[in-house]
Every structure is written in C-alpha cells, then in structure tokens.
Ligand SMILES: NC(=O)c1ccc[n+]([C@@H]2O[C@H](COP(=O)([O-])OP(=O)(O)OC[C@H]3O[C@@H](n4cnc5c(N)ncnc54)[C@H](OP(=O)(O)O)[C@@H]3O)[C@@H](O)[C@H]2O)c1
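So, in structure tokens, the structure goes:
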C-alpha cells in the first residue's frame with residue numbers, strides 16, 4: 002500500500018498546468034488534497050474532477066506572492082485537515098525576456114512566487130512535521146535550475162535557489178523523518194507554462210509530459226528520492242559537462258541553438274555582437 006494513502010497533502014499551483022496532473026496522481030494513491038492557487042474557479046474544477054477518486058479535497062484560494070496569504074493558506078490547510086503530511090511547492094511563474102528589459106516588479110514577484118513562497122510555506126509547516134517525525138516536502142524546480150538558460154535568467158535563478166535551499170535543508174534535517182525531494186522537469190509538453198508558447202523544444206534539450214512529472218512527484222515521495230530529472234533525453238552528462246567547464250557549457254548551448262531558441266520564445270530582439278577590442 003502506498004505511504005500516501007490517507008495522508009494530507011497541500012499542493013500549490015493546483016488550478017491549471019501541471020498541478021491538476023499532480024493532484025490526480027496523488028489522489029489515485031489515496032491522498033487527501035488541499036488545493037491552492039489564485040483562481041478559485043480553476044481549483045473548484047480540479048476538485049470536481051477528483052470526486053470519483055473518493056478522496057477529500059479542500060480548495061484554498063491564495064496568492065503566494067503575498068506573505069499574509071501564505072500564512073492564511075497554511076492556517077486554512079491545518080484547520081481543514083488537522084495536520085499536513087506532504088507539501089508540494091508547485092506554483093511557479095516564468096518570467097522570460099531580456100533581463101535588462103524586465104520590470105523590477107516582475108523580477109520581485111517571480112522571486113516571491115518561485116523561491117520565497119516555498120521557503121515560507123515550508124517554514125510555517127515544519128514545526129508540526131518535525132513533531133510528528135513523518136512528512137515530505139516536494140519542490141518543483143526545473144532543469145533551468147541545474148543550468149541557467151538565456152532569456153530565462155530570473156526564472157532559472159529562482160529555480161537554482163529553490164534546488165540548493167532544498168539540498169541544504171535535506172542535509173540539515175536528515176534523520177528527522179521529514180524528507181525533501183526536488184523535481185527538475187525539462188520542457189513540459191501538452192500543459193503548463195512552456196506548452197502555452199506552442200513551440201517545439203530543441204531535441205537535445207529534452208522534453209517530458211505533465212503525466213511524467215506527476216509520476217515523478219509520486220515516485221519521489223514513495224521511494225524517498227532526493228532529486229529527479231524528468232526528461233526524454235539523458236541530460237546528466239550535458240549538465241555535468243557544463244558544471245565541469247562553464248565556458249564549454251556556454252559554447253555548447255549556443256551551438257545547439259538553445260540560446261537562439263530561448264530568444265525567439267521570449268520574443269526578445271537579437272543583440273548586436275560587439276567584441277570589446279581592448280580584450281582580444
Ligand atoms: N511547464 C514547464 O515546461 C515546466 C518545466 C520545468 C519546471 N516547471 C515548474 O512546474 C511548476 C508548474 O508549472 P506549470 O507549467 O504548471 O505552470 P502554469 O501552467 O503557469 O501554472 C502555474 C500554477 O501556479 C499558480 N500560481 C502562479 N502564480 C501564483 C501566485 N502568485 N499565487 C498562487 N498561485 C500561483 C497558477 O494558478 P493561478 O493563476 O490560479 O494562481 C497555476 O496553478 C512550476 O513551478 C514551474 O516552474 C514547469
């Protein structure tokens with residue numbers, strides 16, 4: 002029997018995109034779900050679709066960019082279920098475009114949603130998780146959090162921060178019964194922020210389906226996996242190469258057309274290449 006049966010899960014980003022797939026996969030394992038996002042209508046539609054699976058669902062609309070609403074969300078989830086066994090930090094904001102042209106408010110909002118919110122929700126839920134010595138926190142990062150990509154620098158920065166914060170915390174809390182997993186999806190097809198662009202990812206960059214991401218979340222919880230890359234391509238060798246030689250990694254992603262793909266996807270103007278004559 003799955004460890005998830007009868008457990009209480011708080012899932013953010015449950016209204017659309019990959020979230021409903023994660024919700025369904027968890028519900029199929031018998032988990033009760035507190036679904037959160039800003040759109041109450043979206044959340045209610047997802048909860049309605051889960052009814053045949055016979056699990057308990059509660060809908061808690063909240064804007065996780067707002068610290069007061071994060072506290073309200075946690076209070077409402079604890080009031081509904083008494084305890085939260087699993088937190089899935091899935092809500093995310095992609096802020097593509099040239100960094101210099103991105104409004105600072107948008108940068109700050111991305112940091113709040115992608116990084117500060119998962120940290121604060123975990124901080125608020127940890128005391129009861131540690132007390133009961135059995136819980137799991139899953140954070141949705143991205144392969145962009147392993148190796149940054151052009152025209153997505155803010156997003157990648159938040160996802161790398163999320164991954165390394167999780168990394169540190171799982172070492173700090175090893176043996177307490179509170180486990181941590183980070184999921185690194187590549188470009189997700191069919192639903193979610195990348196699919197909305199309606200473009201095809203470069204073959205070597207890899208892609209995956211929302212169902213594969215949802216399965217990875219369930220698998221990470223049941224098998225206590227610390228990190229899962231979800232991709233059609235074996236990205237680890239590429240990522241290892243980029244980590245060993247960042248300059249070679251930069252050259253490779255340019256040669257593979259990933260920088261240009263990202264620029265076109267973001268609709269950013271091409272920059273004139275102007276080598277600095279004093280640094281030849
Ligand atoms: N799609 C991909 O290719 C891909 C690849 C790698 C990683 N990921 C990660 O996977 C996760 C889900 O992405 P997705 O593709 O499903 O994105 P999505 O389709 O844009 O959905 C984002 C979800 O987050 C919620 N959300 C956004 N801002 C929020 C806010 N301020 N407060 C509360 N909820 C908020 C949205 O709901 P409301 O609008 O109703 O609030 C929605 O449910 C993200 O963390 C993303 O970074 C996605």
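Residue numbers (the working numbering): 2 to 281. Where is the CB? At the ideal position from N, CA and C, for every residue including glycine.
Beta-bridge pairing of residue i - partner residues as DSSP gives them
{"i": "residue 91", "result": "BP columns for residue 91 are empty, so no partner."}
{"i": "residue 181", "result": "138"}
{"i": "residue 35", "result": "11 and 59"}
{"i": "residue 229", "result": "184"}
{"i": "residue 157", "result": "None; residue 157 has no bridge partner."}
{"i": "residue 143", "result": "DSSP, once it has assigned bridges, lists no residue as partnering residue 143."}
{"i": "residue 189", "result": "209"}
Residue i beta carbon near ligand 1 (any heavy atom closer than 7 Å)
{"i": "residue 188", "result": "yes"}
{"i": "residue 120", "result": "no"}
{"i": "residue 65", "result": "yes"}
{"i": "residue 143", "result": "yes"}
{"i": "residue 92", "result": "yes"}
{"i": "residue 181", "result": "no"}
{"i": "residue 61", "result": "no"}
{"i": "residue 2", "result": "no"}
{"i": "residue 39", "result": "yes"}
{"i": "residue 199", "result": "no"}
{"i": "residue 195", "result": "yes"}
{"i": "residue 19", "result": "yes"}
{"i": "residue 96", "result": "no"}
{"i": "residue 16", "result": "yes"}
{"i": "residue 89", "result": "no"}
{"i": "residue 114", "result": "yes"}
{"i": "residue 250", "result": "no"}
{"i": "residue 13", "result": "yes"}
{"i": "residue 43", "result": "yes"}
6 Å Cβ shell around residue i - same chain, five flanking residues per side excluded
{"i": "residue 125", "result": "75"}
{"i": "residue 100", "result": "154"}
{"i": "residue 110", "result": "66"}
{"i": "residue 243", "result": "148 and 250"}
{"i": "residue 265", "result": "none"}
{"i": "residue 83", "result": "none"}
{"i": "residue 33", "result": "9, 56 and 57"}
{"i": "residue 17", "result": "43"}
{"i": "residue 20", "result": "14 and 91"}
Of the residues the options, the one placed nearest residue i, counting alpha carbons only
{"i": "residue 143", "options": "94, 274 and 198", "result": "94"}
{"i": "residue 57", "options": "45, 64, 71 and 35", "result": "35"}
{"i": "residue 1", "options": "13, 141 and 79", "result": "The structure shown has nothing for residue 1, since the chain only spans 2 to 281."}
{"i": "residue 187", "options": "150, 256 and 62", "result": "150"}
{"i": "residue 25", "options": "39, 246, 52 and 209", "result": "52"}
{"i": "residue 64", "options": "185, 196, 273 and 41", "result": "41"}
{"i": "residue 7", "options": "18, 54 and 169", "result": "54"}
{"i": "residue 271", "options": "27, 152, 162 and 169", "result": "152"}
{"i": "residue 231", "options": "223, 209, 220 and 241", "result": "209"}
{"i": "residue 37", "options": "165, 223, 81 and 255", "result": "81"}
{"i": "residue 29", "options": "3, 103 and 49", "result": "3"}
{"i": "residue 185", "options": "233, 223, 170 and 198", "result": "233"}
Contact set for residue i: own chain, Cβ-Cβ below 8 Å, skip 5 residues either direction
{"i": "residue 22", "result": "192, 211, 212, 214 and 215"}
Residue i: CB within 7 Å of a non-hydrogen atom of ligand 3
{"i": "residue 219", "result": "You won't find ligand 3 in this model; what it holds is ligand 1."}
Same chain only: Cβ atoms within 7 Å of residue i, ignoring 5 sequence neighbours per side
{"i": "residue 131", "result": "177 and 179"}
{"i": "residue 121", "result": "68 and 71"}
{"i": "residue 77", "result": "61"}
{"i": "residue 163", "result": "115, 116, 119, 140, 142 and 146"}
{"i": "residue 236", "result": "144, 187, 207 and 230"}
{"i": "residue 196", "result": "189 and 190"}
Residue-chain proximity (residue i, chain C), Cβ-Cβ < 8 Å
{"i": "residue 169", "result": "No chain C is part of this structure, which consists of one protein chain only."}
Please confirm if the region 171-184 is in contact with the region 113-121, defined as three or more CB-CB distances below 8 Å between the two stretches. Contact between the region 171-184 and the region 113-121 is absent: fewer than 3 CB-CB pairs across the two stretches fall below 8 Å.
contact_flag[the region 215-227, the region 179-186] where n(CB pairs < 8 Å) is 3 or more: The answer is yes - the region 179-186 touches the region 215-227, with three or more Cβ pairs under 8 Å.
Would you check if there are 3 or more beta carbon pairs closer than 8 Å linking the region 260-269 to the region 77-90? no
Do the region 152-164 and the region 129-138 make contact, defined as three or more Cβ pairs closer than 8 Å? Short answer: they don't touch.
Specify whether the region 198-210 and the region 243-252 touch according to this definition: at least 3 beta carbon pairs, one from each stretch, less than 8 Å apart. no
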